[in-house]
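**Q** I'd like to ask some things about the structure below.
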Amino acid sequence: SYIPPTLLGTLTSAVGGLLDLLLKALKLLTFGQVNLDLNLQGLLTLHKDNPSNLATGAFAGRIYGDAKVSDCEVADVSVSSVSRMTGGFVGYVEGATRYDAVSGIVGTLTNVLSKILGVIPFLGLGDLVNWLLSGTLGLNALIPVGYYNPVISNSSVNGFKKNVVIGNKNNPQAGGFVGAQIGAIIENSSVTSTNGFTVRATQYAGGFAGISRNGNVGGLLNSLGIDLLSALRPQSLIENSNLTVDGDGKVTVSATDYAGGFSGAMANAYAVNNTISATAAVSTDKSHAGGFTGFASVGWGLELGTDDATNASLLKQLTKAVAKLLSGSGSGAGELLSIVGVNPSVILGTQMKGSFTVKAGGDYAGGLVGEGSGTVIGDSSQDHLQNLTFWKYNNPRGLPQQRSTAINGLESVSAGGSYAGGIAGNLQPTTVAGLLNSVVKIGDIATLKKFDQFAPFT
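One point on numbering: in UniProt numbering, the residue at position 396 of the sequence shown is 396, and numbering is uninterrupted.
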């Protein structure tokens, strides 16, 4: 996780000369078309300030990109960390965008650099692409053509040791299974224990997931067609997964903000057919506490905080692209906004059984959701699922068994400030229109309906 400065210096010295010669040759061969200040030091120190460097989990600290974990179990678990992103199974799991180059010259440069960097420890093609997008070539140099959702399937945390505390009061993102889930799929997985456990964070603490949110898609967005848009699925999904604490054990989830019995917060994320069977106490010092999730929002970087400085640039790109789509039939407008996070979170077929207490020191406490913005809550029927990206387009996921959303055993819900309710502290569609209006001016209902994801709210 920590890369010594001496190693960075050695790598820079060894590779810098080679890259300088390469770029000088490319400049001559292309008559000046390739003239880049590559900032090699910036590339080799990409991981220096990466917030996931110290992510911690019993199975893995960090899972990234085109990866699949199946049929794995960790048992008799004790996980602790003084840093952020801590989970009983994995600390951090994130998807990755697949890109094509806009021009042949850029493509050649990317291929050559990726081969050279492939022999350098700690760096890979994903790092190279992020570096290129962050300013070396700019957002318009690469076109997103797909999204790699890492998949964790049929995996479990089977029992915690006594008095386990996952996370800490000084850092964000802690969960019983995963600390931070970004553009990833978790299916048919579970956390089961006879011993109770505690999840603690400054923000985003959950019995199963600390934060479940969309990934970020960069690159040249305004040239994407509807077929390509449908292939980009950066949402996170947790399906058919369970949190179970038997006997006298209790799940205690606490945070300054954003705590949930299952997920601390959701941003452009889907939860389908998940179950909590436990005695659980969820609390926040300030706001957003929920029996299932503290906040179900439209997207990361829009309503919840962001650790990606490129979000503002991505949203700026949408203005002309979306306006162009809306001037016609509007086909693809919803998909375009969806890939950068303007899409509601969905909770379908959730079942909670046991004894639940929810308390927010400030505002927003709910038996299911503390606060929801455009959130869809309902049964896991085909009518609901067919509107979600994983079931809507080519190669859809199989339909799960249909079931309703229900809470059994809700003991109390309270908020020191405003907004407390048995299902939700506050649900509102108005924020969605406001977010869209910040990207493209919406003058009437007919325009809003072109964003098919939000049609139910009109």
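For every residue, glycine included, the Cβ atom is placed at its ideal position computed from N, Cα and C.
1) Nearest to A180 by alpha carbon, out of M266, S80 and Q351?
2) According to DSSP, E187 sits in a beta bridge with which residue or residues?
3) Three-state secondary structure (DSSP) at L399?
4) Determine the extent of the alpha helix (DSSP H) in which L385 is found, giving its start and end residues.
5) Can you tell me the Cα-Cα spacing of N387 and N395, whole angstroms?
6) Around the C-beta of G247, are 16 or more other C-beta atoms found within 10 angstroms, so that it is buried, or is it exposed?
7) Distance, Cα to Cα, V90 vs A174?
8) Across the segment 348-363 and the segment 186-202, are there enough close Cβ pairs to call them in contact, namely three or more that are closer than 8 angstroms?
9) Which word fits D257, buried or exposed, when buried means at least 16 other C-beta atoms lie within 10 angstroms of its C-beta?
10) I'd like to know if the segment 71-86 and the segment 155-164 are in contact, where contact means that at least 3 CB-CB pairs between them fall below 8 angstroms.
11) Does the Cβ-Cβ distance between T389 and S345 come in under 7 angstroms?
12) Is the beta carbon of V191 closer than 7 angstroms to that of L243?
13) Would you list the one or two residues that DSSP bridges to R98?
14) Which residue marks the beginning of the beta strand (DSSP E) containing T389, and which one marks its end?
15) Can you look up L232 in the DSSP assignment and give me helix, strand or coil?
16) By the DSSP assignment, the beta strand (DSSP E) with R62 in it spans what residues?
17) Look up F197 in the DSSP assignment and say whether it is helix, strand or coil.
18) With T357 and A281 assumed to form a contact (beta carbons below 8 angstroms), what rounded beta-carbon distance in angstroms separates them?
19) If you draw a straight line from the C-alpha of F262 to the C-alpha of L54, how long is it?
20) Excluding five sequence neighbours on each side, which residues of the same chain lie with their C-beta closer than 6 angstroms to the C-beta of G61?
21) By Cβ distance below 6 angstroms, which residues in the same chain neighbour K68 in space, the five residues on each side in sequence not counted?
22) Spatial neighbours of Y148 within its chain, please: C-beta separation below 7 angstroms, excluding the five flanking residues on both sides.
23) Below 8 angstroms on the Cβ atoms is my guess for A271 versus I185; work out the distance and round it to an integer in Å.
24) With DSSP collapsed to three states, give me the class of S355.
25) Using CA atoms only, rank isn't needed, just tell me which of G146, F160, P172 and A420 is closest to V82.
26) Rounding to the nearest angstrom, what Cα-Cα distance links G366 and G290 in this structure?
27) Let's test the definition: count the other Cβ atoms within 10 Å of the Cβ of S156 and tell me whether it reaches 16, buried, or not, exposed.
28) In angstroms with no decimal places, state the Cα-to-Cα distance between G409 and S381.
29) Classify A415: buried if its beta carbon has 16 or more other beta carbons within 10 angstroms, exposed otherwise.
**A** With the structure as the only source:
1) In the sequence shown, the residue the question calls residue 180 occupies position 180. Nearest of M266, S80 and Q351 to A180, Cα basis: M266.
2) Looking up residue 187 in the sequence shown gives position 187. Looking at the DSSP assignment, E187 forms a beta bridge with S153 and E239.
3) Working through the sequence shown from its first residue, we reach residue 399 at position 399. Residue state, collapsed to three classes: coil.
4) For the purposes of this step, residue 385 is identified with residue 385 of the sequence shown, where counting begins at 1. Its alpha helix (DSSP H) spans residues Q382 to L385.
5) Residue 387 sits at position 387 when you count from the first residue of the sequence shown. Residue 395 sits at position 395 when you count from the first residue of the sequence shown. Answer to the nearest angstrom: the Cα atoms are 14 angstroms apart.
6) Stepping through the sequence shown from its first residue, residue 247 is reached at position 247. So G247 ends up on the exposed side.
7) Locating residue 90 in the sequence shown gives position 90, where the first residue counts as 1. Locating residue 174 in the sequence shown gives position 174, where the first residue counts as 1. The alpha-carbon atoms of V90 and A174 are separated by roughly 10 angstroms.
8) no
9) Numbered from 1 along the sequence shown, position 257 holds the residue referred to as residue 257. With 16 or more Cβ atoms within 10 Å of its Cβ, D257 is classed as buried.
10) Contact check between the segment 71-86 and the segment 155-164: three or more CB pairs, one atom from each, fall below 8 angstroms, which counts as touching.
11) For the purposes of this step, residue 389 is identified with residue 389 of the sequence shown, where counting begins at 1. For the purposes of this step, residue 345 is identified with residue 345 of the sequence shown, where counting begins at 1. Not closer than 7 angstroms, so no.
12) On the sequence shown, position 243 is the one that residue 243 refers to. On the sequence shown, position 191 is the one that residue 191 refers to. Yes. Within cutoff.
13) Here the question's residue 98 lines up with position 98 in the sequence shown. Answer is G146.
14) As a working note, residue 389 is residue 389 in the sequence shown. No beta strand (DSSP E) contains T389, which is instead part of the alpha helix (DSSP H) from T389 to K392.
15) Here residue 232 is taken as the residue at index 232 of the sequence shown, counted from 1. L232: coil per DSSP, three-state reduction.
16) The residue you call residue 62 lines up with position 62 of the sequence shown. Run containing R62: A60 to Y64, per the beta strand (DSSP E) assignment.
17) The residue you call residue 197 lines up with position 197 of the sequence shown. It is a strand residue.
18) Counted from its first residue, the sequence shown places residue 357 at position 357. Counted from its first residue, the sequence shown places residue 281 at position 281. Indeed they touch by this definition, with Cβ atoms about 5 angstroms apart.
19) Reading the sequence shown from its first residue, position 262 is the one you call residue 262. Reading the sequence shown from its first residue, position 54 is the one you call residue 54. The alpha-carbon atoms of F262 and L54 are separated by roughly 23 angstroms.
20) Sequence index remark: in the sequence shown, residue 61 carries index 61 (1-based). Excluding positions up to five away in sequence, the list reads A55 and G91.
21) Here residue 68 refers to the residue found at position 68 when the sequence shown is read from its first residue. Taken in chain order, the residues that qualify are V151.
22) Walking along the sequence shown from the start, residue 148 turns up at place 148. Counting only residues of its own chain and dropping the five nearest sequence neighbours on each side, Y148 has a CB closer than 7 angstroms to the CB of G65, D66, G95, A96 and R98.
23) For the purposes of this step, residue 271 is identified with residue 271 of the sequence shown, where counting begins at 1. For the purposes of this step, residue 185 is identified with residue 185 of the sequence shown, where counting begins at 1. Their Cβ separation, rounded to whole angstroms, is 12 angstroms, which puts A271 and I185 out of contact at 8 angstroms.
24) Working through the sequence shown from its first residue, we reach residue 355 at position 355. Residue state, collapsed to three classes: strand.
25) The sequence position of residue 82 within the sequence shown is 82, counting from 1. Checked all of G146, F160, P172 and A420; the closest Cα to V82 is P172.
26) Sequence index remark: in the sequence shown, residue 366 carries index 366 (1-based). Sequence index remark: in the sequence shown, residue 290 carries index 290 (1-based). Going from the Cα of G366 to the Cα of G290 covers about 5 angstroms.
27) Taking the sequence shown and counting its residues from 1, one reaches residue 156 at position 156. S156 should be labelled buried.
28) Translated into the one-based positions of the sequence shown, residue 409 becomes position 409. Translated into the one-based positions of the sequence shown, residue 381 becomes position 381. The alpha-carbon atoms of G409 and S381 are separated by roughly 24 angstroms.
29) Working through the sequence shown from its first residue, we reach residue 415 at position 415. Buried, because 16 or more other Cβ atoms sit within 10 Å of the Cβ of A415.
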